[in-house]
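Visitor: For the record, the sequence lines run as chains Z and E.
If you use my numbering, the first sequence corresponds to residues 1 to 467, in order.
If you use my numbering, the second sequence corresponds to residues 1001 to 1467, in order.
Cβ coordinates follow ideal geometry from the N, Cα and C atoms, glycine included.
Since we're looking at a predicted model, the values are computed, not measured.
2 protein chains.
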Amino acid sequence: MTPPQRNPEDRPVAALLAPDILDLLDESPESVSVETEEMHPADLADVAELLPSERLVPFLKALPKERAADVLEYLDDEVRAAVLEELTVPEAAALVTEMTPDDRADILEGLDEEHAEEILEEIPPEARRETEQLLRYDPDSAGGLMTTEFVSVPADVTVDDALLRVRALARTGRREAMYAVYATDTEGRLVGVLSLRELLAAPPGTKVGDVAWSEVLAVQPTADREEVARLTANYDLVAVPVVSESGHVMGVVTVDDVIDAIQEEQTEDVQKLGGMEALEEPYMNAGFFEMIRKRAGWLMLLLLGEMFTATAMGYFEDEIARAVFLTAFIPLIISSGGNSGSQATSLIIRAMALGEITLRDWWRVARRELGSGLVLGLMLGLIGVARVLVWHFAFGNYGERYLLVALTIGVALIGVVTFGTIVGSMLPFVLRRLGLDPASASAPLVATLVDVTGLVIYFTLALAILL
Amino acid sequence: MTPPQRNPEDRPVAALLAPDILDLLDESPESVSVETEEMHPADLADVAELLPSERLVPFLKALPKERAADVLEYLDDEVRAAVLEELTVPEAAALVTEMTPDDRADILEGLDEEHAEEILEEIPPEARRETEQLLRYDPDSAGGLMTTEFVSVPADVTVDDALLRVRALARTGRREAMYAVYATDTEGRLVGVLSLRELLAAPPGTKVGDVAWSEVLAVQPTADREEVARLTANYDLVAVPVVSESGHVMGVVTVDDVIDAIQEEQTEDVQKLGGMEALEEPYMNAGFFEMIRKRAGWLMLLLLGEMFTATAMGYFEDEIARAVFLTAFIPLIISSGGNSGSQATSLIIRAMALGEITLRDWWRVARRELGSGLVLGLMLGLIGVARVLVWHFAFGNYGERYLLVALTIGVALIGVVTFGTIVGSMLPFVLRRLGLDPASASAPLVATLVDVTGLVIYFTLALAILL
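(1) Just to confirm, is the Cβ distance from Pro-204/Z to Asp-160/Z under 7 angstroms?
(2) Sort Leu-145/Z, Glu-114/Z, Asp-140/Z and Pro-101/Z by Cα distance to Glu-130/Z and report the nearest one.
(3) Shorter than 7 angstroms from the beta carbon of Asp-236/Z to some beta carbon of chain E?
(4) Counting along the chain, where does the beta strand (DSSP E) carrying Pro-241/Z start and finish?
(5) Can you give me the C-alpha to C-alpha distance between Gly-1355/E and Val-1390/E, rounded to a whole angstrom?
(6) Check the Cβ of Phe-1288/E against every Cβ in chain Z and list those closer than 9 angstroms, keeping chain order.
(7) At 4 residues or longer, what runs of the alpha helix (DSSP H) sit wholly inside the stretch 1050-1118 of chain E?
(8) Alpha carbon to alpha carbon, how far is Glu-66/Z from Glu-1073/E? Give it in angstroms, no decimals.
(9) Could you please give the first and the last residue of the uninterrupted alpha helix (DSSP H) stretch that includes Leu-1461/E?
(10) Run through the DSSP bridge pairs and tell me what Ser-1488/E is partnered with.
(11) To the nearest angstrom, report how far apart Asp-26/Z and Leu-60/Z are at their CA atoms.
(12) Exposed or buried, what is Trp-353/Z when buried is set at 16 or more other beta-carbons lying within 10 Å of its beta-carbon?
(13) For Leu-17/Z, which of Thr-36/Z, Ser-246/Z and Pro-29/Z has the nearest alpha-carbon?
(14) Of all the CB atoms in chain E, is at least one closer than 7 angstroms to the CB of Asp-10/Z?
(15) For Pro-139/Z and Pro-1241/E, what's the separation of their Cα atoms in angstroms?
(16) Name, please, each residue of chain E whose Cβ falls closer than 7 angstroms to the Cβ of Asp-256/Z.
(17) Closer than 8 angstroms between beta carbons: that is the criterion. Which residues of the stretch 1256-1273 of chain E meet it against chain Z?
(18) Which residues of chain E have a Cβ atom closer than 7 angstroms to the Cβ of Asp-451/Z, listed in chain order?
(19) Determine whether the Cβ of Ile-425/Z lies closer than 7 angstroms to any Cβ atom of chain E.
(20) Rank Ile-1465/E, Leu-1237/E, Asp-1023/E and Ile-1349/E by C-alpha distance to the C-alpha of Pro-1428/E and give the top, closest one.
(21) Taking only the alpha-carbon atoms, compute the straight-line gap between His-115/Z and Ala-142/Z and give it to the nearest angstrom.
(22) Only counting the same chain, and skipping five residues up and downstream in sequence, which positions put a Cβ closer than 7 angstroms to that of Leu-279/Z?
(23) What do you reckon, are the CB atoms on Val-385/Z and Val-423/Z nearer than 7 angstroms?
(24) Work out the CA separation of Ile-320/Z and Thr-1222/E for me, nearest whole Å.
(25) Would you say His-1040/E lies against chain Z (beta-carbon separation less than 7 angstroms)?
(26) Whose C-alpha, out of Thr-1206/E, Asp-1361/E, Thr-1097/E and Ala-1310/E, is nearest the C-alpha of Leu-1455/E?
(27) Roughly how many whole angstroms lie between the Cα atoms of Ser-342/Z and Leu-1359/E?
(28) Can you give me the Cβ contacts of Gly-1469/E inside the same chain, cut-off strictly under 6 angstroms, excluding the 5 residues immediately before and after it?
(29) Which chain Z residues sit within Cβ distance under 8 angstroms of Ile-1107/E?
(30) Verify the CB distance criterion: does Tyr-1137/E have a CB-CB separation below 7 angstroms to chain Z?
(31) Within its chain, find whatever has a CB closer than 7 angstroms to the CB of Thr-1408/E; leave out the 5 residues flanking it on each side and keep chain order.
(32) Please report the residue range of the alpha helix (DSSP H) in which Tyr-402/Z lies.
(33) Counting only Cβ-Cβ distances shorter than 8 angstroms, please list the residues of the stretch 1414-1444 of chain E near chain Z, keeping chain order.
(34) What does a CB cutoff of less than 6 angstroms around Ile-262/Z pick up in its chain, not counting 5 residues either side in sequence?
(35) Determine the contact status of Leu-1376/E and Ser-1340/E, defining contact as a CB-CB distance below 7 angstroms.
(36) Name the residue from Glu-1400/E, Arg-1387/E, Val-1430/E and Ala-1344/E whose alpha carbon lies nearest to the alpha carbon of Val-1417/E.
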């Protein structure tokens, strides 16, 4: 079996490999390990997920323990839970012990509490302590993302000594957070950082403290993952140290976990922006009723909100009866308000997520969006006027007051678009001010808020101009 | 001047530092370099942007050339263009020469062509060749993102020799793509990869080819940045080699550029999802009319689309005149269709962006969403029925046919929500099939598509049940 090139063009290779692996498991399980040794664990995990479920555990057992632990890390949460359930507790503990502390904590977090507790009790005391410490942090905080394995040396050792320590640590087979060496003072507090390349470049004999950067970008363990992501992106970091209040390094968040966090945050934001609660799993893995639950809540709330439109229209029933043609423009007018609000809200939410805009900027944004709303409203208003005039001259729809009808539609569009733009741009500020997630200012929510007001604007204008 | 801790809590430090820098520039420009030497170039760039524009160039000139080049990299595009405009061509060329090839290419790409050409002619021939080569690639492709500085060694050298080369290269002060060493065969083709930590851990005397991973995850220079991002995220990489068709390494895309690409892609997706064209700059930096242009196009198009609702309602004018109360439910019904469509569309777009769903999955998604739409529609339909019944018994609104009214509203909601869900989930597939960006399936576009059909469903039902 020649392992294929791991190239995105010719994926999914997993589907091609799974039958070979099955044959190998039947015929000579002892050769599985050698045949797959050059494969990336992410690909092995893809293969594993395609195997019949009863063959998954034998497959993992055919791999060396470190490799099996690597594959376990890349498995889907549910598949992984099933595997750990099937193994005996000591077997599960042995696998989990091979993992980096942060992945170990993540995986235990995904199990039910009792099972996680059983496994924890079987892993060696030091690893258990580390893991228990990590489990105390919110998984979405720096403490929850960090690994506790990193390289730190006293600032007064030479770079040669530091390099020896790094090499010794590298040989232990531990694998994370080796992008930089952290220098500490005699109290063990973080005083400097040196990238691995800077360590390799440093003249032999110099002290680490003399060549390290004394200003270290660091976060506290309670920092939100969004903050870690912002720091990583703005400063082009590959690892962010997590430092206690007393200045001791507790761990390091590595860039691969930051990328995962960025992707997850973004998925949540897009789903919220679409007007639902964020799913906790990929779309295809989420259970049907779980997904309904995440969607139904907002849909029902929005429907209740929209009921005010029916109430509002009740007030104008007499006017509507006197000029039924007015109703034909209702969808057009209220949707324009919703659309302009949706644009404004997505602009502001994204700028907030990137840290380009903070609460303090609300007034600058409001002025800018008032201008945008008026200009956009004017453009749409002109199109609305043109529509009425064209239809009037083509089909004679609007009688002799056609100019007043055109004026009503035009002015209503200006008003509704301006109002929609303001509501859409300010709602994320209001939510953030209230301590809520600004991304909850979804396009549907903005549209619903704007619809009632849009109708009132429209019919009030119609009343004043036409009736 | 004590440089402050670079900690996200106490930013913006730049505002505090800018006056100090100005004083220093007046009093002893020669000390600017020493006083700022521990600062991260991203922070120095923040400071630089706060200086009066005529002081920016003197500030950069007070820094060592490599530092000034670093700061230049982090400046906003417009500020940077202004600085390079103000410098003489040889000065600009000298600064640009200090940069990594990929940043150099990015910066020249941001200038007008003539100016970039002048600067290019002044930089040393080798750097110029590298840069010209990079400029040939689409900036959003792997070739456009890669740097051409990386470490490669023949597979038959020992790890000790390889380490010596790495250290020698590290000492030259070049700074990118030193996460891994690429092993090549006698023809110079990529045959293996070894991370820096694996190199450090390898037993002395072994050949690089014997310890390197023979399966290398790589992309072609024309690969889209989304593909590079997906590879980086899925396999936890910090650098992706870019390989020509003949198998030679042309460059390396580093994780910092991947993160920038991910953020930019996400910003584009959110803005498109909000129903506008993506901005090319941060919200606060985008010009007012530029922003209007990006928003007005879609708003006008959507308005034109919504005009079909007016046409559709024209057909039902007689029915409406006979039962004006029907119009009160129009906004509620069509917005429910739009909202459920918006949910479906944001779910599918995000799953596509993450590569969880491909074109082939359309049928699975369609079935799943048909089920979701029916269940969600039923829930909303029941609320709609309840609304009619409650209002009827409370205010006697709907006469003796109130049960038929309730039925009309309930069934219309089921139909509209199901239809909205299907349209919202399938539109991204249709767009991708047509070679367009699925993210253009914005919430407003889905709502507009659903509105016309929603009205037709509603009035057709009303006609059948009520009139």
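Guide: On the basis of the data shown:
(1) Between Pro-204/Z and Asp-160/Z, the CB-CB gap stays under 7 angstroms.
(2) Looking at the Cα atoms, Pro-101/Z is the closest of the given residues.
(3) Interface residue, yes.
(4) Looking at the DSSP string, the run of the beta strand (DSSP E) that includes Pro-241/Z is 239-243.
(5) Taking the straight line from one Cα to the other gives about 47 angstroms.
(6) Here the neighbours are Arg-368, Gly-371, Ser-372 and Val-375.
(7) The stretch 1050-1118 of chain E contains these whole alpha helix (DSSP H) runs: 1053-1062, 1065-1074, 1077-1086, 1089-1097 and 1101-1109.
(8) Taken atom to atom, the span from the alpha-carbon of Glu-1073/E to that of Glu-66/Z is near 41 angstroms.
(9) Per DSSP, Leu-1461/E belongs to the alpha helix (DSSP H) from 1443-1465.
(10) In this structure chain E extends from 1001 to 1467, so residue 1488/E is not present and cannot be described.
(11) Taking the straight line joining both Cα atoms gives about 14 angstroms.
(12) Before going on, a small fix: residue 353/Z reads as Ala here, not Trp. Flag for Ala-353/Z reads buried.
(13) The shortest Cα separation from Leu-17/Z among Thr-36/Z, Ser-246/Z and Pro-29/Z belongs to Thr-36/Z.
(14) In this predicted model, Asp-10/Z has a pLDDT of only 36, less than 50, meaning its place in the structure is not dependable; the value taken from the coordinates is given anyway. Asp-10/Z does not count as touching chain E.
(15) The C-alpha of Pro-1241/E is placed about 32 angstroms away from the C-alpha of Pro-139/Z.
(16) Result: Asp-1236.
(17) Of all residues in the stretch 1256-1273 of chain E, only Asp-1256, Val-1258, Ile-1259, Asp-1260, Ile-1262, Gln-1263, Gln-1266, Thr-1267, Asp-1269, Val-1270, Gln-1271 and Leu-1273 place a beta-carbon less than 8 angstroms from a beta-carbon of chain Z.
(18) Near Asp-451/Z (Cβ distances below 7 angstroms), the residues of chain E are Pro-1331 and Ser-1335.
(19) Here residue 425/Z turns out to be Ser, not Ile, going by the sequence shown. Using a Cβ-Cβ cut-off of 7 angstroms, Ser-425/Z does not count as an interface residue toward chain E, since no Cβ of chain E sits closer than that to its own.
(20) The alpha carbon of Pro-1428/E has as its nearest neighbour, out of Ile-1465/E, Leu-1237/E, Asp-1023/E and Ile-1349/E, the alpha carbon of Ile-1349/E.
(21) Computed Cα separation, rounded: 25 angstroms.
(22) Take Leu-279/Z, set aside five residues on each side of it, and the residues of its chain with a beta-carbon closer than 7 angstroms to its own are Gln-271, Ala-286, Met-291 and Lys-294, in chain order.
(23) Contact: no.
(24) Thr-1222/E and Ile-320/Z have their C-alpha atoms some 59 angstroms from each other.
(25) Yes, His-1040/E lies at the interface with chain Z (some Cβ there is under 7 angstroms from its Cβ).
(26) From the listed residues Thr-1206/E, Asp-1361/E, Thr-1097/E and Ala-1310/E, the smallest Cα separation to Leu-1455/E is found for Ala-1310/E.
(27) The alpha-carbon atoms of Ser-342/Z and Leu-1359/E are separated by roughly 27 angstroms.
(28) Lying before the first or after the last residue shown, residue 1469/E is absent from chain E, which here runs from 1001 to 1467.
(29) Neighbours of Ile-1107/E in chain Z, taken as residues at a C-beta separation under 8 angstroms, are lacking, since the least C-beta distance is about 15 angstroms.
(30) Using beta-carbon distances, Tyr-1137/E does not count as an interface residue toward chain Z, since no partner is under 7 angstroms.
(31) Once the five neighbours on either side are set aside, the close Cβ partners of Thr-1408/E are Leu-1461, Ala-1462, Ile-1465 and Leu-1466.
(32) Segment 402-433, the alpha helix (DSSP H) holding Tyr-402/Z.
(33) Here the close residues are Val-1417, Ser-1442, Ala-1443 and Pro-1444.
(34) Around Ile-262/Z: Ala-229.
(35) Yes.
(36) Nearest in C-alpha terms to Val-1417/E, of all of Glu-1400/E, Arg-1387/E, Val-1430/E and Ala-1344/E, is Ala-1344/E.
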